[in-house]
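Visitor:
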Amino acid sequence: MVTMFEPDEAAMTWIPMRMVSPQPNLVHTIYRLVAYGFYHYGWAHFLPSALVYKILTWLGQGDNMPLVMLSYRQLITVLPMIASLLVLVYLQDQFKTWRSVALFIFLLSVPAIVQNGFWWHPDGLAMFFSSLVLYFLWKDNRQFGKHFYIAAAVCGVLTALKVIGLFFFLTIAMVLIWGLVEKRLTWKQFFAKAFTFILVMAAGILISSPYLLIPSHRELAIGNLMGEIFGTSDGYLVYYAKGLQAAWSTIRAYYGELIFLLAALAVSVWSLWDKETRYLRALILSWFIPLTVHLLLFSHFKPHYWLPVAIPMLSNLAFLPPANMKTWRNKDRTSLIKAALLLVVVAQFGVFLDRDVELFRNRITRAENNQEINFYYRAADELAPVAQDLTVYYDYRLYLPETEGWFVDSTFDLLTYNYIQERDFDVLMLSHQRIRDYLQPSAVGIDADTFALSQAFYSDADNEQLEGYKLLFRDPAALLYIKEELCQTYYSQERCE
Numbered sequence: 003m004v005t006m007f008e009p010d011e012a013a014m015t016w017i018p019m020r021m022v023s024p025q026p027n028l029v030h031t032i033y034r035l036v037a038y039g040f041y042h043y044g045w046a047h048f049l050p051s052a053l054v055y056k057i058l059t060w061l062g063q064g065d066n067m068p069l070v071m072l073s074y075r076q077l078i079t080v081l082p083m084i085a086s087l088l089v090l091v092y093l094q095d096q097f098k099t100w101r102s103v104a105l106f107i108f109l110l111s112v113p114a115i116v117q118n119g120f121w122w123h124p125d126g127l128a129m130f131f132s133s134l135v136l137y138f139l140w141k142d143n144r145q146f147g148k149h150f151y152i153a154a155a156v157c158g159v160l161t162a163l164k165v166i167g168l169f170f171f172l173t174i175a176m177v178l179i180w181g182l183v184e185k186r187l188t189w190k191q192f193f194a195k196a197f198t199f200i201l202v203m204a205a206g207i208l209i210s211s212p213y214l215l216i217p218s219h220r221e222l223a224i225g226n227l228m229g230e231i232f233g234t235s236d237g238y239l240v241y242y243a244k245g246l247q248a249a250w251s252t253i254r255a256y257y258g259e260l261i262f263l264l265a266a267l268a269v270s271v272w273s274l275w276d277k278e279t280r281y282l283r284a285l286i287l288s289w290f291i292p293l294t295v296h297l298l299l300f301s302h303f304k305p306h307y308w309l310p311v312a313i314p315m316l317s318n319l320a321f322l323p324p325a326n327m328k329t330w331r332n333k334d335r336t337s338l339i340k341a342a343l344l345l346v347v348v349a350q351f352g353v354f355l356d357r358d359v360e361l362f363r364n365r366i367t368r369a370e371n372n373q374e375i376n377f378y379y380r381a382a383d384e385l386a387p388v389a390q391d392l393t394v395y396y397d398y399r400l401y402l403p404e405t406e407g408w409f410v411d412s413t414f415d416l417l418t419y420n421y422i423q424e425r426d427f428d429v430l431m432l433s434h435q436r437i438r439d440y441l442q443p444s445a446v447g448i449d450a451d452t453f454a455l456s457q458a459f460y461s462d463a464d465n466e467q468l469e470g471y472k473l474l475f476r477d478p479a480a481l482l483y484i485k486e487e488l489c490q491t492y493y494s495q496e497r498c499e
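Using my numbering, the first residue of the sequence shown is number 3, and each one after it goes up by one.
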């Protein structure tokens with residue numbers, strides 16, 4: 003079910019298990035803990051995950067996959083996300099007034115936050131580390147002391163985790179230039195502080211990526227990094243649509259209506275005129291702009307990509323309500339504008355809650371009358387007459403639990419006849435959704451030649467003309483194919499014509 007519902011999780015589940023697997027000696031134990039071989043995400047994500055798994059194995063629960071996944075999601079995703087929201091709330095109000103409670107509840111209600119809590123992924127940690135960078139820069143307050151360099155170290159960890167730490171370049175440049183304008187820095191100090199920040203950040207990257215010290219793993223990590231950069235900018239296997247128009251439906255579903263987002267952005271800019279909080283708003287905006295521009299112009303958009311910058315920007319809405327409820331009585335123009343904007347926020351909060359209920363309902367009922375699960379049981383019944391072991395290919399979005407006599411395989415890559423024939427599968431379980439994704443007219447492959455071969459395969463499958471195989475049945479979820487010779491051996495001639 004992990005593979006069916008969340009392939010990203012399934013691709014990572016073996017890593018913590020491998021990291022803490024028994025080794026012959028201490029050297030090999032440390033080596034395996036450090037050199038885990040899957041460098042799409044950093045050690046800061048996999049090390050705590052591995053420790054969680056090890057604790058579960060000590061408790062005799064290492065094979066309890068529901069508990070393992072629940073523990074990963076709650077401790078590695080949800081807990082850091084809650085901590086990051088508390089950091090952002092503290093930055094805005096220092097927990098001094100009722101606004102802290104209101105802001106925390108509001109941020110928790112953002113559907114992107116709720117949705118992200120449903121999976122085990124590095125984005126909760128990315129939120130936490132990015133919030134810490136903002137906190138330590140704010141705490142330093144252009145003194146360029148220890149907090150400035152702690153921010154550099156945390157930025158290094160964030161960069162090792164998901165690369166996005168590099169997008170703090172505008173924030174750091176702004177802080178240094180601000181110090182120069184205020185004459186807190188000379189030109190010599192300006193360059194010295196900038197260079198030292200980079201050095202400390204690089205040290206943070208290295209400490210949180212110890213596998214970089216191993217040449218073979220360093221090469222693998224660089225290859226993974228380049229693949230991730232290319233994949234997020236262009237797409238995986240096929241080119242993904244970019245731009246605001248392509249992203250808007252996702253933004254609206256997970257971050258709010260246009261009027262609300264424009265209001266939040268306007269408040270962020272307006273609050274720059276407030277001297278007491280100007281520096282904080284400038285930090286948040288300078289962090290918000292580069293990654294947002296990248297996601298809207300140079301990358302395909304996914305809701306979790308925008309979390310580290312969108313949520314801090316929304317936290318600036320704390321500027322609207324007064325610290326003291328008595329000041330609500332003021333009828334000046336500024337108070338009226340703030341009140342009008344707050345009405346927009348309250349209305350959006352109601353929409354968020356409705357969306358959150360929908361997300362929770364869909365989550366807890368997703369296995370009920372599930373088409374993929376129903377397909378598996380029907381496929382098992384259809385294949386029951388076959389009195390031999392089977393090698394089975396299944397698309398990773400389908401449900402395929404361990405089944406006696408079935409030796410299964412799957413791939414995230416595009417399917418071609420060559421792939422199927424090389425592995426000599428007896429049975430193919432092909433997802434309708436995957437066929438539709440790759441046969442739609444707008445789909446353009448990253449590798450044009452391979453994509454053409456894949457489309458030919460999927461077209462034959464969809465038209466029930468797959469070479470060397472016979473279709474046993476198709477339903478709304480998938481198609482079940484079996485080798486022609488097996489069909490002729492175990493089924494009627496009528497079914498195999």
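Cβ coordinates follow ideal geometry from the N, Cα and C atoms, glycine included.
Could you name the residues of the same chain whose beta carbon sits closer than 8 angstroms to that of Phe106, not counting the 5 residues immediately before and after it, in chain order?
Guide: For the purposes of this step, residue 106 is taken as residue 104 along the sequence shown, with counting starting at 1. For Phe106, where only same-chain residues beyond five positions count, the Cβ hits under 8 angstroms are Leu87, Leu88, Val91.
Visitor: Is the Cβ-Cβ distance between Met315 and Ala381 less than 8 angstroms?
Guide: Within the sequence shown, the letter at position 313 stands for residue 315. Within the sequence shown, the letter at position 379 stands for residue 381. Not closer than 8 angstroms, so no.
Visitor: Is Lys304 helix, strand or coil by DSSP?
Guide: Position 302 of the sequence shown holds residue 304. Coil, per DSSP.
Visitor: If we require 3 or more residues per run, which beta strand (DSSP E) segments fall completely within the stretch 356-390?
Guide: You should have found no qualifying run.
Visitor: Could you check which residue in Lys195, Ile57, Phe321 has the C-alpha nearest to that of Arg280?
Guide: Numbered from 1 along the sequence shown, position 278 holds the residue referred to as residue 280. Measuring from the Cα of Arg280, the nearest candidate turns out to be Phe321.
Visitor: Tell me the rounded alpha-carbon separation between Val394 and Leu343.
Guide: Sequence index remark: in the sequence shown, residue 394 carries index 392 (1-based). Sequence index remark: in the sequence shown, residue 343 carries index 341 (1-based). Approximately 57 angstroms between the Cα atoms of the pair.
Visitor: Buried or exposed for Ser317, going by 16 or more other Cβ atoms inside 10 Å?
Guide: Within the sequence shown, residue 317 is the residue found at index 315, counting from 1. So Ser317 counts as buried.
Visitor: Count the other CB atoms within 10 Å of the CB of Phe459; is the residue buried (16 or more) or exposed (fewer)?
Guide: Residue 459 sits at position 457 when you count from the first residue of the sequence shown. The residue is buried, with at least 16 neighbouring Cβ atoms inside 10 Å.
Visitor: Anyone know if the C-beta pair for Ala162 and Trp45 falls short of 8 angstroms?
Guide: The residue labelled residue 162 in the question sits at position 160 within the sequence shown. The residue labelled residue 45 in the question sits at position 43 within the sequence shown. Yes. Within cutoff.
Visitor: Start and end of the beta strand (DSSP E) containing Lys472?
Guide: The residue you call residue 472 lines up with position 470 of the sequence shown. First-last of the beta strand (DSSP E) with Lys472: 471-476.
Visitor: Between the C-alpha atoms of Phe130 and Met83, what's the straight-line distance to the nearest angstrom?
Guide: Walking along the sequence shown from the start, residue 130 turns up at place 128. Walking along the sequence shown from the start, residue 83 turns up at place 81. Approximately 6 angstroms, taken between the alpha carbons.
Visitor: Could you please give me the residues that DSSP links to Ile484 through a beta bridge?
Guide: Counting from 1 along the sequence shown, the entry for residue 484 is found at position 482. Per DSSP, Val429, Lys472.
Visitor: Could you pull the start and end residues of the alpha helix (DSSP H) that Trp121 belongs to?
Guide: Here residue 121 corresponds to residue number 119 of the sequence shown, with the count starting at 1. Trp121 -> no alpha helix (DSSP H), and no H or E assigned at all.
Visitor: Who are the near neighbours of Arg144 in its chain, counting only those whose CB is closer than 8 angstroms to its CB and skipping five residues on each side?
Guide: Against the sequence shown, residue 144 aligns to sequence position 142. Around Arg144: Val177, Trp180, Gly181, Glu184, Arg186, Tyr281.
Visitor: Would you list the one or two residues that DSSP bridges to Trp408?
Guide: Walking along the sequence shown from the start, residue 408 turns up at place 406. DSSP lists Leu392 as partners of Trp408.
Visitor: In this structure, does DSSP put Gly447 in helix, strand or coil?
Guide: Within the sequence shown, numbered from 1, the residue matching residue 447 stands at position 445. Strand.
Visitor: Among Leu109, Ala104, Leu168, Leu208, which one has its Cα closest to the Cα of Val504?
Guide: In the structure displayed, the chain extends from 3 to 499; residue 504 sits before or after that span and is not available.
Visitor: Which runs of the alpha helix (DSSP H) spanning at least 4 residues fall entirely within the stretch 24-76, listed in chain order?
Guide: Those alpha helix (DSSP H) runs which fall completely within the stretch 24-76 and span 4+ residues are 28-36, 45-60, 67-74.
Visitor: Between the C-alpha atoms of Pro113 and Gln467, what's the straight-line distance to the nearest angstrom?
Guide: The count along the sequence shown starts at 1 and reaches residue 113 at position 111. The count along the sequence shown starts at 1 and reaches residue 467 at position 465. Those two C-alpha atoms are separated by around 43 angstroms.
Visitor: If the criterion is Cβ atoms closer than 8 angstroms, does the pair Ser461 and Leu441 meet it?
Guide: The count along the sequence shown starts at 1 and reaches residue 461 at position 459. The count along the sequence shown starts at 1 and reaches residue 441 at position 439. Closer than 8 angstroms, so yes.
Visitor: Pair every Cβ in the stretch 244-254 with every Cβ in the stretch 294-308, then say whether three or more of these pairs are closer than 8 angstroms.
Guide: Because the criterion of three Cβ pairs below 8 angstroms is met, the stretch 244-254 and the stretch 294-308 touch.
Visitor: Using the Cα positions of Val54 and Ala389, report the straight-line distance between them to the nearest angstrom.
Guide: Taking the sequence shown and counting its residues from 1, the one referred to as residue 54 is at position 52. Taking the sequence shown and counting its residues from 1, the one referred to as residue 389 is at position 387. If you take the alpha carbons of Val54 and Ala389, they lie about 42 angstroms apart.
Visitor: DSSP three-state call for Asp125: helix, strand or coil?
Guide: The sequence position of residue 125 within the sequence shown is 123, counting from 1. Asp125 falls in the helix class under three-state DSSP.
Visitor: By alpha-carbon positions, which one of Leu345, Val429, Leu109, Ala128 ends up nearest to Phe475?
Guide: Reading the sequence shown from its first residue, position 473 is the one you call residue 475. Phe475 has its Cα closest to that of Val429, out of Leu345, Val429, Leu109, Ala128.
Visitor: Below 8 angstroms, can you find three or more Cβ-Cβ pairs linking the stretch 119-127 to the stretch 70-85?
Guide: As far as the Cβ criterion goes, the stretch 119-127 touches the stretch 70-85, which means the pair count is three or higher.
Visitor: Give every residue of the same chain whose Cβ lies closer than 7 angstroms to the Cβ of Phe351, excluding the five residues on either side of it in the sequence, and list them in chain order.
Guide: Looking up residue 351 in the sequence shown gives position 349. Answer for Phe351: Phe108, Ser111, listed in chain order.
Visitor: Keeping to the same chain, check which residues put their C-beta closer than 6 angstroms to that of Leu172; ignore five residues upstream and five downstream.
Guide: Residue numbering aside, residue 172 sits at position 170 when the sequence shown is read from its first letter. Ser288, Pro292, listed in sequence order.
Visitor: Can you look up Met315 in the DSSP assignment and give me helix, strand or coil?
Guide: Position 313 of the sequence shown holds residue 315. The answer is helix: DSSP assigns Met315 an H, G or I state.
Visitor: Quick one: measure Cβ to Cβ for Gly158 and Ala204, integer angstroms, because I've assumed they're closer than 8 angstroms.
Guide: Here residue 158 is taken as the residue at index 156 of the sequence shown, counted from 1. Here residue 204 is taken as the residue at index 202 of the sequence shown, counted from 1. Between Ala204 and Gly158 the Cβ distance is about 6 angstroms, and since that is below 8 angstroms, they are a contact.
Visitor: Quick one: using the 10 Å Cβ neighbour count with 16 as the cut-off for buried, is Met1 buried or exposed?
Guide: The first residue shown for the chain is 3 and the last is 499, placing residue 1 beyond what the model contains.
Visitor: Considering only the alpha carbon of each residue, which of Ser444, Tyr396, His434 lies closest to Tyr421?
Guide: Within the sequence shown, the letter at position 419 stands for residue 421. When only C-alpha atoms are compared, the closest one is Tyr396.
Visitor: Assuming Ser51 contacts Ile78 (C-beta within less than 8 angstroms), just tell me the rounded distance between them.
Guide: Against the sequence shown, residue 51 aligns to sequence position 49. Against the sequence shown, residue 78 aligns to sequence position 76. Indeed they touch by this definition, with Cβ atoms about 5 angstroms apart.
Visitor: In angstroms with no decimal places, state the Cα-to-Cα distance between Ile375 and Asn364.
Guide: Working through the sequence shown from its first residue, we reach residue 375 at position 373. Working through the sequence shown from its first residue, we reach residue 364 at position 362. Looking at the two C-alpha atoms, the distance is approximately 16 angstroms.
Visitor: Is it buried or exposed, Pro478, if we count other Cβ atoms within 10 angstroms and call 16 or more buried?
Guide: The count along the sequence shown starts at 1 and reaches residue 478 at position 476. Pro478 is exposed by the Cβ-count criterion.
Visitor: What residue from Asp142, Leu35, Asp10, Thr15 has the CA that sits closest to Met21's CA?
Guide: Residue mapping note: residue 21 aligns to position 19 of the sequence shown, counting from 1. Comparing Cα-Cα distances from Met21 to each of Asp142, Leu35, Asp10, Thr15, the minimum goes to Leu35.
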